[in-house]
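Right, one structure below, let's go through it.
There are 2 protein chains.
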Amino acid sequence: MAQIAERAGVALSTVSYVLSGKRSVSQQMRERVLAAIEELDYRPHGAARALASGASHTIALFLPSPQWHLVPIQQTFIAGATQATSASDYALLLSTAATDPEAITQLVAQGRADGVILMETLHDDPRVERLRSAGYPFSLIGRTNDLTGISFVDMDFGGAIETSLAQLARLGHTCVALFNFAPELLTAGYTAALIARDVFETRAPELGIRPIHVTSSQAPRDAFAAASRLLSSEPECTAAITTGWQFTGLLGALRAADLRVPDEFSVVSVIAAEFAEMLTPALTGVDWPAFEAGRLAAEMLIDKLTGKETAPRQHLVAAELVVRESTGPAPRAKRSTTKRQRRRAAFLGAR
Amino acid sequence: MAQIAERAGVALSTVSYVLSGKRSVSQQMRERVLAAIEELDYRPHGAARALASGASHTIALFLPSPQWHLVPIQQTFIAGATQATSASDYALLLSTAATDPEAITQLVAQGRADGVILMETLHDDPRVERLRSAGYPFSLIGRTNDLTGISFVDMDFGGAIETSLAQLARLGHTCVALFNFAPELLTAGYTAALIARDVFETRAPELGIRPIHVTSSQAPRDAFAAASRLLSSEPECTAAITTGWQFTGLLGALRAADLRVPDEFSVVSVIAAEFAEMLTPALTGVDWPAFEAGRLAAEMLIDKLTGKETAPRQHLVAAELVVRESTGPAPRAKRSTTKRQRRRAAFLGAR
DNA sequence: CAGAGTTGTCGAAGCGCTTCGCGTAGAACG
DNA sequence: CGTTCTACGCGAAGCGCTTCGACAACTCTG
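Chains D and R are the protein sequences, given in the same order.
Sequential numbering of the first sequence, starting at 25, is according to this note's numbering.
Sequential numbering of the second sequence, starting at 25, is according to this note's numbering.
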């Protein structure tokens, strides 16, 4: 920078002001400085800038968990956030250890990041508490209990459950299961899981549907087991809604039980994505604009950092239920006494 | 830091040496300093450290393209790299604009990152050239033409194609199609695509297989169209290998043509992942240890940065072909004259 | 026991930028 | 025409660390 100043015949500070635009500089000076910058192929040093200005021009995004195989929707959040960040000339720092509030504030305390984006929020999230009390800027992809003063973008899973239920009710189903997230997540207070359960259990009866709440991890094995249990113990249940990839195991169990989809059993996934089309039958479900959501979360945070936005922005993203091939009218006959049912029972017994 | 020094009754520099361990400090001093650090809850400032030491303790990872919906294997690379980075107390900077060599070197030139990880490398990659000539440390997930002095980790796609071909040959198939990456990627010189083509075309004849090279993007629509064309023009072709998600469109086209998998047509995907199990029929294919690969790429770069490793490390990761349900013996009868064939022709004509 | 080497500590000079306060000159004002 | 503004440019003081050279106090050597 000193070289630039010398070459342009101006003071060091003038170069800085040309670059930052924080004070007015005469046209003449500006041009000379810019010319010198061009000639010397100068690039400002990020760390020096961060040190002097106190802002790193970086935001941190925490992955849910170190080893976690991210589900596609979360990966898309990240891609969206990355894009927004790059577009605003910020950098995006990726970090694991999402569950440790200490590690999260540390990044900001160390001046490595100016703000934080959190994913996978809990209903009562210590990380949010920590960030709030430390006064660090942040935004959420997800929601928490107390949303005052918080900027977030979240998918309206509750609404999606409701729409799914309504669709199934319209098709004549009177007993529907919800394959909610893993029980650990529920007890941990994972907001999306809580909302799913609450909406499901309050809304189903109003639609004349008996709700059966099942929890299962998204691992095919777990969901398969849970689904198998459900199918044998609840013969009246003719449809299921999954909150995620539980549909994999569910479809497997249905196949094993020799139940055809959608003729004998309907399946809806609240998180489907492009994926859904590939399955046979193509999966009815909700496609979320996850890329947009990630972008939004990053933009909200950056706006907060640059002082553009002071009021918190709260986005609840809605999405349409895309009816594909895995849902159909409720079957007339009950499953309980058919030959198929007996076959299935035998199969399950043998396992 | 000055406060720490004062509280511990030592010089500023001593505190620094305690922290960095770059000079020996007496046990007594060290304890006093550490105690003071503890009491004051001090954390070193990243930017200041970066400025003074000239190293940002950060590595940059470039996403293939800003808007790209990452395919799962790439997302898993990122997760793995993130994990390794966090574990080594480095930070991982995510950035788009992967195709612009200028943007890539800029991050290092600005001191925001000490090194770079590149994905989706081309056979003749200007970004690699640039990084090499600028003398910036980097590692690759992928390969390039000239590998001298380069650290990389790559999946052995060539080997996977070979294994897949061998498997199909064993099953009696004598005419196999390869659904390679999109033609743009091939002309751009995307290494994986080139290798796939070369191995396919040289190896197939040796196994008594007539190779048909097809290029298609991974979008279901494109692959569907390409597959439909193939099925009608090449009745002898009884199996296909896909390099990615082209199997989606392929399976769709097979269904539309009323061809059963695997009885009448076999499908192998060279990139399958957990995904494969969910499909009906479950997809035969190769599962790659992508998380490990990402981790490795990051570790290699960090070792290079910390001076632990001087010699470049080159890993070609092999993986097994997992035979699931989508491959079977070559059908006895030719497709050309069956009733089904005529039906299919009618269907394709109507589209 | 002098000279050489070792170990532990300190002070100070940066790293490359931002930003504050001051100074100067011309414009605007009464 | 003197006075107050405004616009613009300059110098210098940091930002919070790292690191180098100097130095003091020892411990070895022969």
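Think of the CB as a built atom: it goes at the ideal place given N, C-alpha and C, for glycine as much as any other residue.
These numbers come from a predicted model, not from an experiment.
Note the first and the last residue of the continuous beta strand (DSSP E) segment covering P235(R). Here residue 235(R) refers to the residue found at position 211 of the second sequence. Its beta strand (DSSP E) spans residues 234-239.
On the criterion of 16 or more Cβ atoms from any shown chain inside 10 Å, does A84(R) qualify as buried, or is it exposed? If you number the second sequence from 1, residue 84(R) lands on position 60. With 16 or more other Cβ atoms within 10 Å, it is buried.
So what's L340(R) in DSSP terms, helix, strand or just coil? Along the second sequence, read from residue 1 onward, the residue named residue 340(R) stands at position 316. Residue state, collapsed to three classes: strand.
For the region 235-301 of chain D, list the alpha helix (DSSP H) runs that are entirely contained and at least 4 residues long, ordered along the chain. Counting only runs of 4 or more residues that sit fully inside the region 235-301 of chain D, the alpha helix (DSSP H) segments are 244-257, 270-280, in chain order.
Counted within 10 angstroms of its Cβ, other Cβ atoms place D138(D) as buried (16 or more) or exposed: Counting from 1 along the first sequence, the entry for residue 138(D) is found at position 114. Sixteen is the threshold: when 16 or more other Cβ atoms of the shown chains lie within 10 Å of the Cβ of D138(D), as they do, the residue is buried.
Could you confirm whether any beta carbon from chain R is found closer than 9 Å to the beta carbon of H147(D)? The residue given as residue 147(D) occupies position 123 in the first sequence. Residue contact check for H147(D) against chain R: no CB pair falls below 9 Å.
CB of A212(D) within 9 Å of CB of L278(D), strictly: Here residue 212(D) corresponds to residue number 188 of the first sequence, with the count starting at 1. Here residue 278(D) corresponds to residue number 254 of the first sequence, with the count starting at 1. For the 9 Å CB-CB criterion, A212(D) and L278(D) do not form a contact.
Sort out for me which residues DSSP pairs Y214(R) with in a bridge. Along the second sequence, read from residue 1 onward, the residue named residue 214(R) stands at position 190. According to DSSP, which records beta bridges pairwise, Y214(R) is partnered with L146(R).
Kindly indicate the opening and closing residues of the alpha helix (DSSP H) around G309(D). Counted from its first residue, the first sequence places residue 309(D) at position 285. Going by DSSP, G309(D) is part of no alpha helix (DSSP H) but of the beta strand (DSSP E) stretching over 308-310.
Could you pull out every residue in the same chain whose Cβ sits closer than 8 Å to the Cβ of R56(D), ignoring the five residues on either side in sequence? What you label residue 56(D) is simply residue 32 of the first sequence in a count that begins at 1. Correct list, in chain order: A32, G33, V34.
Check this for me: beta carbons of L340(D) and V177(D), under 9 Å apart or not? For this step, residue 340(D) is matched to residue 316 along the first sequence. For this step, residue 177(D) is matched to residue 153 along the first sequence. The answer is yes: Cβ separation under 9 Å.
At which residue ranges does the region 93-176 of chain D contain complete beta strand (DSSP E) runs of 3 or more residues, listed in the order of the chain? If one requires a minimum length of 3 residues, the beta strand (DSSP E) runs lying completely within the region 93-176 of chain D are 115-119, 139-143, 162-165, in chain order.
Inter-residue CB distance, L117(R) and T82(R) (contact presumed, cutoff 8 Å): Stepping through the second sequence from its first residue, residue 117(R) is reached at position 93. Stepping through the second sequence from its first residue, residue 82(R) is reached at position 58. Going by Cβ atoms, the distance from L117(R) to T82(R) rounds to 5 Å, so yes, they are a contact pair.
Nonlocal neighbours in the same chain, by C-beta distance under 8 Å from R221(D), ignoring five residues either side: To locate residue 221(D), count along the first sequence from 1; it is residue 197. The residues are L202, N204, L210, H237.
If you draw a straight line from the C-alpha of F162(R) to the C-alpha of A243(D), how long is it? As a first step, residue 162(R) must be located in the second sequence, where it is residue number 138. As a first step, residue 243(D) must be located in the first sequence, where it is residue number 219. Straight-line spacing of the CA atoms in F162(R) and A243(D) works out to 36 Å.
Look up L325(R) in the DSSP assignment and say whether it is helix, strand or coil. Walking along the second sequence from the start, residue 325(R) turns up at place 301. Residue state, collapsed to three classes: helix.
Residues that F203(R) bridges to, as DSSP identifies them: Taking the second sequence and counting its residues from 1, one reaches residue 203(R) at position 179. Bridge partners of F203(R): V238(R), T266(R).
Residues of the region 100-122 of chain D in Cβ contact with chain R at a cutoff of 9 Å, in chain order, please. So the list reads T100, I102, A103, A105, T106, Q107, T109, S110, A111, A115, L116, L117, L118, S119, T120, A121, given in the order they occur along the chain.
Best match in E258(D), G173(D), S112(D) for proximity to R359(D) [C-alpha to C-alpha]: Your numbering for residue 359(D) matches position 335 in the first sequence. Comparing Cα positions, the closest option is E258(D).
Give me the DSSP bridge partner(s) of D178(R). Start at 1 with the first residue of the second sequence, and residue 178(R) comes out as number 154. DSSP lists L340(R) as partners of D178(R).
Chain-ordered chain R contacts of H69(D) [CB-CB under 7 Å]: In the first sequence, counting from the first residue as 1, residue 69(D) sits at position 45. Within chain R, the residues whose beta carbon sits less than 7 Å from that of H69(D) are Q134, G135, listed in sequence order.
Whole-angstrom distance between A314(D) and R356(R), CA atom to CA atom: For the purposes of this step, residue 356(R) is taken as residue 332 along the second sequence, with counting starting at 1. For the purposes of this step, residue 314(D) is taken as residue 290 along the first sequence, with counting starting at 1. A direct Cα-Cα distance of roughly 47 Å separates R356(R) from A314(D).
Starting from A84(R), trace the beta strand (DSSP E) both ways and give me its first and last residue. As a working note, residue 84(R) is residue 60 in the second sequence. Where A84(R) is concerned, the enclosing beta strand (DSSP E) starts and stops at 82-86.
Give the secondary structure of V42(R) by DSSP, where H, G and I count as helix, E and B as strand, and everything else as coil. Residue numbering aside, residue 42(R) sits at position 18 when the second sequence is read from its first letter. Under the three-state reduction of DSSP, V42(R) is assigned to helix.
With three or more C-beta pairs closer than 8 Å as the rule, is the region 244-263 of chain D touching the region 298-308 of chain D? Cβ pair count under 8 Å is below three, so no.
When DSSP labels each residue in this structure, what does V223(R) get in the three-state scheme? Translated into the one-based positions of the second sequence, residue 223(R) becomes position 199. DSSP, reduced to helix, strand and coil, places V223(R) within a helical segment of the structure shown.
Give a yes or no on whether the minimum CB-CB distance between Q270(D) and chain R is below 9 Å. Locating residue 270(D) in the first sequence gives position 246, counting from the first residue. Among the residues facing chain R, Q270(D) is not included, as its CB has no counterpart in that chain under 9 Å away.
Using the three-state DSSP reduction, which class does V57(D) fall into: helix, strand or coil? Taking the first sequence and counting its residues from 1, the one referred to as residue 57(D) is at position 33. Reduced to three states, the DSSP call for V57(D) is helix.
Identify whether L320(D) lies in helix, strand or coil by the three-state DSSP scheme. Along the first sequence, read from residue 1 onward, the residue named residue 320(D) stands at position 296. The three-state reading of DSSP puts L320(D) in helix, counting H, G and I together.
H197(R) beta carbon less than 9 Å from that of A354(R): Locating residue 354(R) in the second sequence gives position 330, where the first residue counts as 1. Locating residue 197(R) in the second sequence gives position 173, where the first residue counts as 1. Yes, Cβ-Cβ distance for A354(R) and H197(R) is below 9 Å.
Which first and last residues belong to the alpha helix (DSSP H) in which E349(D) is found? One-based indexing of the first sequence puts residue 349(D) at position 325. Element bounds for E349(D): n/a, residue is neither H nor E.
Using a cut-off of 8 Å between C-beta atoms, extract the partners of P96(D) located in chain R. By one-based count along the first sequence, residue 96(D) stands at place 72. Listed along the chain, the chain R residues whose CB falls inside 8 Å of the CB of P96(D) are P96, Q99.
Are S256(D) and T351(D) close, meaning C-beta to C-beta below 9 Å? Position 232 of the first sequence, counted from the first residue, corresponds to residue 256(D). Position 327 of the first sequence, counted from the first residue, corresponds to residue 351(D). Contact: no.
If you check the beta carbons only, do H268(D) and T100(D) fall under 9 Å apart? On the first sequence, position 244 is the one that residue 268(D) refers to. On the first sequence, position 76 is the one that residue 100(D) refers to. Reading off the sequence, residue 268(D) comes out as Gly, not His. Their beta carbons are not under 9 Å apart, which means G268(D) does not touch T100(D) by this criterion.
Taking only beta-carbon positions, decide if L85(R) is within less than 9 Å of chain D. Start at 1 with the first residue of the second sequence, and residue 85(R) comes out as number 61. Output row for L85(R): interface = yes.
9 Å is my cut-off, CB to CB: does M302(R) come that close to chain D? In the second sequence, residue 302(R) corresponds to position 278, counting from 1. At a cut-off of 9 Å between beta-carbon atoms, M302(R) makes contact with chain D.
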